[in-house]
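All remarks here apply to the structure that follows.
Number of protein chains: 2
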Amino acid sequence: MTATASPPAPSALFTDLYQLTMMQGYFAYGLHREEAVFDLYFRRPPFHGGFAVWAGLEPALDLLERLRFTGGDLAYLESLGLFRPDFLTALRGWKFTGRVTAFREGSVVFAHEPLLTVTAPLWEAQLVETALLNTLNFQTLVATKAARCVLAAEASPHGGQIVEFGARRAQGPNGAVSAARAAFVGGAVGTSNVEAGREFGLPLTGTHAHAWVESFPDELAAFRAYAALYPDSTTLLLDTVDTLRSGLPNALTVARELRAAGHELRGVRLDSGDLAYLSRRIRAALDTAGFPEVKIVASNDLSESVIASVIAEGGRVDVYGVGTQLATAGGEGGGALGGVFKLAQLGGVPKMKLTGDPAKSSLPGVKQVWRAVGEDGEYALDVLTLGGAPREGERVSDPTNPLRFSRLPGGLTWQNAREVVLEGGRRTGTPETLQQAQARARADLARLPEGTRRALNPHIYRVGLGDDVAGLRDRVAEALRAHTGA
Amino acid sequence: MTATASPPAPSALFTDLYQLTMMQGYFAYGLHREEAVFDLYFRRPPFHGGFAVWAGLEPALDLLERLRFTGGDLAYLESLGLFRPDFLTALRGWKFTGRVTAFREGSVVFAHEPLLTVTAPLWEAQLVETALLNTLNFQTLVATKAARCVLAAEASPHGGQIVEFGARRAQGPNGAVSAARAAFVGGAVGTSNVEAGREFGLPLTGTHAHAWVESFPDELAAFRAYAALYPDSTTLLLDTVDTLRSGLPNALTVARELRAAGHELRGVRLDSGDLAYLSRRIRAALDTAGFPEVKIVASNDLSESVIASVIAEGGRVDVYGVGTQLATAGGEGGGALGGVFKLAQLGGVPKMKLTGDPAKSSLPGVKQVWRAVGEDGEYALDVLTLGGAPREGERVSDPTNPLRFSRLPGGLTWQNAREVVLEGGRRTGTPETLQQAQARARADLARLPEGTRRALNPHIYRVGLGDDVAGLRDRVAEALRAHTGA
Chain A
1 MTATASPPAP SALFTDLYQL TMMQGYFAYG LHREEAVFDL YFRRPPFHGG FAVWAGLEPA
61 LDLLERLRFT GGDLAYLESL GLFRPDFLTA LRGWKFTGRV TAFREGSVVF AHEPLLTVTA
121 PLWEAQLVET ALLNTLNFQT LVATKAARCV LAAEASPHGG QIVEFGARRA QGPNGAVSAA
181 RAAFVGGAVG TSNVEAGREF GLPLTGTHAH AWVESFPDEL AAFRAYAALY PDSTTLLLDT
241 VDTLRSGLPN ALTVARELRA AGHELRGVRL DSGDLAYLSR RIRAALDTAG FPEVKIVASN
301 DLSESVIASV IAEGGRVDVY GVGTQLATAG GEGGGALGGV FKLAQLGGVP KMKLTGDPAK
361 SSLPGVKQVW RAVGEDGEYA LDVLTLGGAP REGERVSDPT NPLRFSRLPG GLTWQNAREV
421 VLEGGRRTGT PETLQQAQAR ARADLARLPE GTRRALNPHI YRVGLGDDVA GLRDRVAEAL
481 RAHTGA
Chain B
1 MTATASPPAP SALFTDLYQL TMMQGYFAYG LHREEAVFDL YFRRPPFHGG FAVWAGLEPA
61 LDLLERLRFT GGDLAYLESL GLFRPDFLTA LRGWKFTGRV TAFREGSVVF AHEPLLTVTA
121 PLWEAQLVET ALLNTLNFQT LVATKAARCV LAAEASPHGG QIVEFGARRA QGPNGAVSAA
181 RAAFVGGAVG TSNVEAGREF GLPLTGTHAH AWVESFPDEL AAFRAYAALY PDSTTLLLDT
241 VDTLRSGLPN ALTVARELRA AGHELRGVRL DSGDLAYLSR RIRAALDTAG FPEVKIVASN
301 DLSESVIASV IAEGGRVDVY GVGTQLATAG GEGGGALGGV FKLAQLGGVP KMKLTGDPAK
361 SSLPGVKQVW RAVGEDGEYA LDVLTLGGAP REGERVSDPT NPLRFSRLPG GLTWQNAREV
421 VLEGGRRTGT PETLQQAQAR ARADLARLPE GTRRALNPHI YRVGLGDDVA GLRDRVAEAL
481 RAHTGA
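As they're listed, the protein sequences go chains A and B.
Residue 1 is where the first sequence starts when you use UniProt numbering, and the numbers rise one by one after that.
Residue 1 is where the second sequence starts when you use UniProt numbering, and the numbers rise one by one after that.
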C-alpha cells in the first residue's frame, strides 16, 4: 500500500475503543504509570495441529518503537466527546517505553506458553494490545500454514517447494503483503506479490494467465510470444484449452525451439483437473522428450492436505503455488489464531482472570519459558517457571488440568526460550532478517518430535507449569474467590 | 494505518508479478491498446449460503482513479531485471482510462453473474485484476457474513444488533479496517476499531476489558471507577471473577448508584459461559431490579450459528459483539470468496477459457444482468443477456449445465441490475455513502425469497443464461476445440 521503501508509521488509532477509554481511566485514577506485565499466548494451535511457527515479531517491534499520537489522531479523539483535555494533552508526548521479552521469529511454539511478555506502564501496555495481537496472530497463523504445506511437500521422494500466490483472495492489500512475509518465515520460497517483494526483499515468482493465451490467435502463438520475451524464465500455463491435448504438445514445441536458440524452458503450470494424474503424465512426457529439468508448477486451491494427496497418488509436482489457503490460512481449522493478551502482574502484584470457564483463566506472575532438549537433540517439553530452569524430579502440571502432572526426568538440557528484544522502548539489537527467521523455523521444525509435526491428529507436545507457577496460580485464584465470595 | 483523514494512494505494485510481465508482453506485441472486456464474478456464494452482499465497490473505484506508477515503483521494477527501458518509460504516464459497469454497493448478488465488468485497454485491465479481486472478494465476504449474523439476530422476538469487535484477529491492520467497513455495509451498527471509525465515519462502540477490573482492589471498585468516568456510556464486563455471583450483583449496585446520581447504566457484557442461560438470568434480574433498559451485550467467538442457537434457547442478548468470525469471515465455509476476473472479449472478439473443468469455463461476450421482480415485489431470478431485457417465453439455461433450462414466465418486471460507475477512468457520479450501501443491502435482503436468506441449506436463487449468451458460449467453445483439435 506504500510507494516508498519503508512502510507508513502505524496509526495509534489502530486499536479498540475500550483501550483508549481504559487508558483515560488509568490516567484519571493515577494508575497509568503502575508497572504492568501482560502475556501474549494462544490456547490451541491452529489447524488442529501440534505446533505453531511464531512470526510477526519484527513488525510488532517496529510498531512499538514508532507508535505516536499525531495531531490528527488527537483531533479525531476529541471529536468523539469521550476524552478530557488533560488526557488528550498527556497523549501528545506518549510513546511506548517498556520492555518486551519474546521468542525470536521463526521459533516453533505451543499453546499456553507466553510467547511475548510486555512489561510497561499500564496505559502503554493496554493501548498496544490490539495492534500486537493483530500482527502476531495473523503472521503466526500464516507462517504455521506455510510450514504445514512445506512439510507436506517435502514428504515426496522427489521433494517439492511452496510459493505464495494468494494476493487476490487475501484480506486487504496489507493482509496480502503480511501474508507473503509470514509465508516466507514458514518456509515458502517466494511470492507472486510484487509489493511484498519490494517491502521485504522476497523472491518474486510468476507464470502467465489464461488471458495471455486468449489474447493471441492460438495457444502456440501465445506460448511462443511469451518465451521470446522471457527466454530464460518462462513457465507456461497449460490448461486454457486442454492440458494434455493442447497445452502439453505446444509446450514441448516451445521447449525445443527455446533449446535450439540456446535457452531452456523453466516450467509448465497446471491449474485444473487431476493434479496427480496430469503431473505424472506430463513428467513422463517431458522426461521422454529430453526435458527432465523443466519444473512442474501446480495451483488450484491447494492446501497441505491436497499436497499430501497429490504425493500419495504419485504426483510429480515440483512447485506448489498455494494461494487462498495460504494467504488467508482459511480452512482446516484456520482462519484466525486465537491469541490473547492478559494481565499477569500489576505494581508487583500477580493478577489473573478467573471467569466461569477454567480453559479461559490466565496465569498470574512473571514467567520464564524453558525448553528441554533431550539427549537425541530433539525438543522434549517446555516448562514455565517463575525464575530459573526446572530441576530433575520437579513436579510439572498440565496448564488446564491440575490433576495431570508428572515428575521431570533427568538427561534434559534446559534453554531459556525467550530473549529481551526491546528495552526502554527501543530494540536491544538490529532487526533480524527474514532469512534468519526462515532458517530458525526450519531448524526448529527439524528438532520437533515427528508425531508433533504430523498434520492430522498430532502428538501434543507437552507444556507444563513448574511447581512455583502452579502454586501461585492456586493462591491467587483462592484469594479472588474468597474476596468476592464467588 | 494512516494518520491522515484520507488513506494513502494504492501502490501500483500491489499486483501479481505475472500481470506486469504480461503487460510488458502486450506492449511488446502492440496488443496493449486493444479494447478488453473482463468480468468479475464468483462461482459459489460463501458460507454455503444462498446469496452474497456486494461490497468494496467505492474503494475499488478509488483505486482505479488513483493508480499510478511512482518513480520508486519503476526503480524497483527495473531492479528485477525483467523489464525493458521502453516499457518502463511507458509506465511513467500510465493510468486507468477505462469503463466500469457494476452492481452498486450493498446489492444482493449471486453466483455466475458478472458483478463488475471492466472495459479498458488490455494492459490496463490486466494490471488491476489482483487489486480489484483483493478488495472486492474480501469486502463482499465480510458484508455477507455480517448480513448472515444480522438475519440471525433479527430472528429473535426481542430483536438484536451486531457490532464488529474483530480487530485483534483480523488479517493485518488494513484487513481489520476494511472488515469494519464491510461489516457496516452488511448491517453491523458499529465497530470497536477506532481507525475504522475515523476512516469511514463508523459509529464506535466499546466496553472495558478484564485488565480494567484486575487493576482495582476489587470488581465493585473497578465498576464504580468506570461508571464515574463514563456515567452515560458504561457497559460493564461481568465475568472477570464469576458472572452471576460477582459480576451481576456488582453491576446492579452500580446501576442503582448511577440512577441515584441522575444517570443510567447502558449495558452489561457476557464474555464466557452459556450465553443463553446467563442472558436469561441476567435479563430477569435486571428487569426485576427496575432496569429493563440496560442492554445485554454478548461476545466470545460468535457467529450466525451461535447467535441462532442462543436465540433458540431463549437467550436475551440485545447486542452481539462478533469478532474473529466477522473480521476474518472464517469458519462455516468462509475465509475467502473465490471471485475471479476473466477475459470475455478482446478487440471486439468474444473470448473464453475452456479448461478441462466445465465449472471453471468462462462466459464470452459483453453481457447485461437483468433482475426479475415478481408481482409480489420479490426478486424472482436474474438473467444474463447480450443486450436488452429477456422476453416472456425465452429459453433460459443453467450456467453450468446446458441440459437444465426453462422458459421464462410472464408477470415479471425486468431491471437492468448494474450501472456504469466509472467512465474514462473517472467516477460517473459522487461516491455513495456507507449508509446508502447499508440501506440498499437491507432493502435487497428484504426482497429475497425467504428460503434464499436461510443460513443452512438455502434455496438456490436462479441465475440463467439468455439464449443469446448460451449460443455465443457454445459457438466460441466449438471454435476453440476445432482449432486446437482438443
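Every residue, glycine too, gets a C-beta built ideally from N, C-alpha and C.
Does residue i pass the burial test, meaning 16 or more other C-beta atoms within 10 Å, or should it be called exposed?
i: Phe51 of chain B; result: buried
i: Arg440 of chain B; result: buried
i: Pro358 of chain A; result: exposed
i: Lys367 of chain B; result: buried
i: Ser107 of chain A; result: buried
i: Gln435 of chain B; result: exposed
i: Gly145 of chain A; result: First, the amino acid is wrong: residue 145 of chain A is Lys here, not Gly. Lys145 of chain A is buried by the Cβ-count criterion.
i: Ala482 of chain B; result: exposed
i: Gln345 of chain A; result: buried
i: Thr130 of chain A; result: buried
i: Leu13 of chain A; result: buried
Please report whether the beta-carbon of residue i lies at a distance below 8 Å from any beta-carbon of chain A.
i: His158 of chain B; result: no
i: Met1 of chain B; result: In this prediction, Met1 of chain B scores a pLDDT of 33, lower than 50, which makes its location untrustworthy; the coordinate-derived value is nonetheless stated afterwards. It does; some Cβ of chain A falls within 8 Å.
i: Thr4 of chain B; result: Here the model assigns Thr4 of chain B a pLDDT of 35, short of 50, so the residue's position is not dependable, and the following value carries that caveat. Answer yes: the Cβ-Cβ gap between Thr4 of chain B and chain A drops below 8 Å somewhere.
i: Trp94 of chain B; result: no
i: Pro358 of chain B; result: no
i: Asp287 of chain B; result: no
i: His263 of chain B; result: no
i: Glu304 of chain B; result: no
i: Leu381 of chain B; result: no
i: His48 of chain B; result: no
i: Tyr41 of chain B; result: no
i: His483 of chain B; result: yes
i: Trp212 of chain B; result: yes
What are the partner residues of residue i, as DSSP defines its beta bridges?
i: Asp16 of chain B; result: A:Asn193
i: Val319 of chain A; result: A:Gln161 and A:Val297
i: Trp370 of chain A; result: A:Val383 and A:Asn416
i: Leu116 of chain A; result: A:Leu40 and A:Ala102
i: Arg267 of chain B; result: At residue 267 of chain B the sequence reads Gly, which differs from the Arg that was named. Bridge partners of Gly267 of chain B: B:Thr235 and B:Lys295.
i: Leu462 of chain B; result: The sequence shown places Arg at residue 462 of chain B, rather than the Leu named in the question. Answer by DSSP bridge pairing, in chain order: B:Leu381.
i: Arg407 of chain B; result: B:Arg395
i: Phe341 of chain B; result: B:Leu40
i: Val128 of chain B; result: For Val128 of chain B, which the question treats as bridged, DSSP gives no partner whatsoever.
i: Arg259 of chain B; result: DSSP lists no partner for Arg259 of chain B.
State yes or no: is the beta carbon of residue i nearer than 8 Å to at least one beta carbon in chain B?
i: Arg198 of chain A; result: yes
i: Tyr26 of chain A; result: yes
i: Leu248 of chain A; result: no
i: Phe14 of chain A; result: yes
i: Met22 of chain A; result: yes
i: Leu127 of chain A; result: no
i: His112 of chain A; result: no
i: Val194 of chain A; result: yes
i: Tyr230 of chain A; result: yes
i: Leu209 of chain A; result: This sequence places Ala at residue 209 of chain A; Leu is not what is there. Closer than 8 Å to some Cβ of chain B, the Cβ of Ala209 of chain A qualifies, so yes.
i: Asn137 of chain A; result: yes
Pick from the options: whose alpha carbon is nearest that of residue i?
i: Arg99 of chain A; options: A:Ala111, A:Leu422 and A:Asp468; result: A:Leu422
i: Arg462 of chain B; options: B:Thr400, B:Gln438 and B:Ala446; result: B:Thr400
i: Glu164 of chain B; options: B:Glu65, B:Gly425 and B:Ser178; result: B:Ser178
i: Phe223 of chain B; options: B:Ala261, B:Ala251 and B:Asp242; result: B:Ala251
i: Arg316 of chain A; options: A:Leu346, A:Met352, A:Leu270 and A:Lys360; result: A:Leu270
i: Ala170 of chain B; options: A:Leu77, A:Gly166, A:Ala182 and A:Asn134; result: A:Asn134
i: Thr355 of chain A; options: B:Ala60, B:Ile162 and B:Leu248; result: B:Leu248
i: Lys95 of chain B; options: B:Thr433, B:Ser305 and B:Ser11; result: B:Ser11
I want to check one thing, is the minimum distance from the CB of residue i to the heavy atoms of the ligand ADP below 7 Å?
i: Thr428 of chain B; result: Of ligands this structure carries none, so the ligand ADP is not represented either.
* Could you name each continuous beta strand (DSSP E) segment of 3 residues or more that falls completely within the region 175 to 247 of chain A, going from the start of the chain to the end? => 235 to 237
* **Contiguous alpha helix (DSSP H) assignments of at least 4 residues, all confined to the region 26 to 84 of chain B** => 57 to 66 and 71 to 79
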